[in-house]
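Working notes for the structure below.
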Amino acid sequence: MRFLISAILIGGLVTAAHAASLDLPRSTPIARGEPCRVDDAAVERTKPAAPMQISRRAAVYVVQHVRKACRLLADADDGRSRSDSVRDDLYRTLLVPIYRAHPDVVEQPFSPSAIPKVVSATSRDIGRAAANRLTIEVARLQKSIVELGGDGSDRSVDESAARKAAEALIDAAIELSFAGKITFDAYPELFAKEGDKVPAQPRTAERDADFRKGAPPLGSVKLSDAALALIQSFMREVRRAAGGDRIAAIGWAHEQKSKGPGDAAWSSQGAGWILGAYWKSEVPPDVIDTVRGVEIVFSAEDLSALVGKTIDATKQKLFVRD
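Start counting at 1 in the sequence shown, then tack on 8, and there's your number in the numbering used here.
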């Protein structure tokens, strides 16, 4: 799982779910220097969740990413402790169940600069019930982080500080996605299920006008064999993973960045043409082109960049030629 962004929107629908109540030990493991652990007086305590059925190697992987998310949340706080409840929630719903399953993982060293080894998980690494539980909790906690970002931007008067905090919150949410990667490795159908929960954006007159403003005349853009093959492969993956009636989209991005689970920082690919997808219901029908059997929406700030041109591809990257 590698995230590619030109502009980031993190969201999703969350279904509430809780593990069955079990008789658990009274003591809760506490890691030394645990970045998710906050002052007891700062948050309202609830009973920790039951132990998670997860292998030790997958446990270490998840713990490292959750800890990185907590450190990023703390750094984004600017001393106001707005993230205390979210970090405590991460600790009690994700870390404590893992610590109870693998107590020795508590003492695994943590460093903000550590790059966890990428884990390709199977059903032997995490039980189905645990995978469902981890998927639901990650989505719920990501939503909490997004809401935290909204609260912070409303109060911030320093644009630079607000941007820095927003970037840290985005990173924190993505670290949780990396933590949840093992569930989709082990049970690919869960990824499709989560994709189906992402709602289509409602069509509005303003959104339709934006689509029409950036769309070249139908039939004015061609696709090379290489671009066609890339788009077809991409859309097969989109439909397999996310399901639904989706169409391809190609547009210009002023900045592209990517980050994988084992990366310490984002890498920049600069500006360029990017390939994406929309729900078909999000787009006005009069901007949907059909090129060589592929339904697709093209967009550009300057239509002359596309009209009469051919979109080609090399090394999985798109470019435009005459």
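C-beta: ideal position from N, C-alpha, C; glycine also. The structure presented is a predicted model; accordingly, all values stated were derived computationally and were not measured.
My assumption, with CB atoms under 8 Å, is that residue i sits in contact with residue j. Please give the rounded CB distance.
i    : j    : result
A235 : E290 : With 8 Å as the limit, A235 and E290 do not qualify as a contact, their Cβ atoms being about 23 Å apart.
A285 : A256 : 6 Å
I153 : A170 : Their Cβ separation, rounded to whole angstroms, is 15 Å, which puts I153 and A170 out of contact at 8 Å.
A194 : D133 : 6 Å
L231 : V295 : About 16 Å separates the two Cβ atoms, so there is no contact after all.
L198 : F242 : Not quite, the Cβ-Cβ distance comes to about 21 Å (not below 8 Å), so this is no contact.
F59  : K189 : The sequence shown places Pro at residue 59, not Phe. Not really, about 21 Å apart at Cβ, beyond 8 Å.
For residue i versus residue j, is the C-beta spacing smaller than 8 Å?
i    : j    : result
V229 : D297 : yes
I62  : A109 : yes
T101 : A129 : no
R292 : F219 : Here residue 292 turns out to be Pro, not Arg, going by the sequence shown. Yes, the Cβ-Cβ distance between P292 and F219 is below 8 Å.
V68  : Q116 : yes
A308 : W274 : no
T212 : T143 : no
A77  : L98  : yes
V74  : A187 : yes
L80  : R95  : no
L311 : I319 : no
R244 : K288 : no
S276 : K265 : yes
E303 : A279 : no
A174 : G157 : yes
By the three-class DSSP mapping on this structure, what secondary structure does residue i have?
i    : result
L238 : helix
R247 : helix
F327 : strand
Y195 : coil
A58  : coil
Q116 : coil
I153 : helix
G188 : helix
D73  : Note that residue 73 is His in the sequence shown here, rather than Asp. Looking at H73 - three-state DSSP - the assignment turns out to be helix.
R254 : strand
S276 : strand
T101 : helix
E263 : strand
K172 : helix
V229 : coil
I18  : Here I18 scores only 32 on pLDDT, less than 50, and its place in the model should not be relied on; the value that follows carries that caveat. Coil at I18, not helix or strand.
L314 : coil
A109 : helix
A129 : coil
A285 : strand
With a 10 Å radius around its C-beta and 16 neighbouring C-beta atoms as the bar for buried, classify residue i as buried or exposed.
i    : result
S91  : buried
A321 : buried
L184 : buried
L226 : exposed
R141 : buried
V315 : exposed
A305 : One point to set straight first is that residue 305 is Val, not Ala, in the sequence displayed. Looking at its Cβ environment, which holds 16 or more other Cβ atoms inside 10 Å, V305 is buried.
A15  : Annotation note: pLDDT 35 at A15 (below 50); position unreliable, coordinate value reported separately. Classification of A15: exposed, given that the 10 Å Cβ count is below 16.
Q324 : exposed
P196 : exposed
R329 : exposed
P112 : What sits at residue 112 in the sequence shown is Asp, not Pro. Exposed, since its Cβ has fewer than 16 Cβ neighbours within 10 Å.
V126 : exposed
G301 : exposed
P6   : This structure gives no information on residue 6, because the portion of the chain shown stretches from 9 to 330.
P210 : exposed
A66  : buried
A176 : buried
Would residue i pass as an interface residue toward chain B - the criterion being a Cβ-Cβ separation below 8 Å?
i    : result
K265 : In the displayed structure, chain B is absent; only one protein chain is listed.
Can you name the start and end residues of the alpha helix (DSSP H) that residue i belongs to?
i    : result
D218 : 213-222
S93  : 92-98
First and last residue of the beta strand (DSSP E) that includes residue i?
i    : result
I296 : Careful: I296 lies outside any beta strand (DSSP E) and carries neither H nor E.
D320 : 318-322
E303 : 302-306
Can you tell me whether residue i sits near the ligand NAD, meaning its C-beta is under 7 Å from at least one heavy atom of the ligand?
i    : result
F219 : The ligand NAD is not part of the structure shown, which contains no ligands of any sort.
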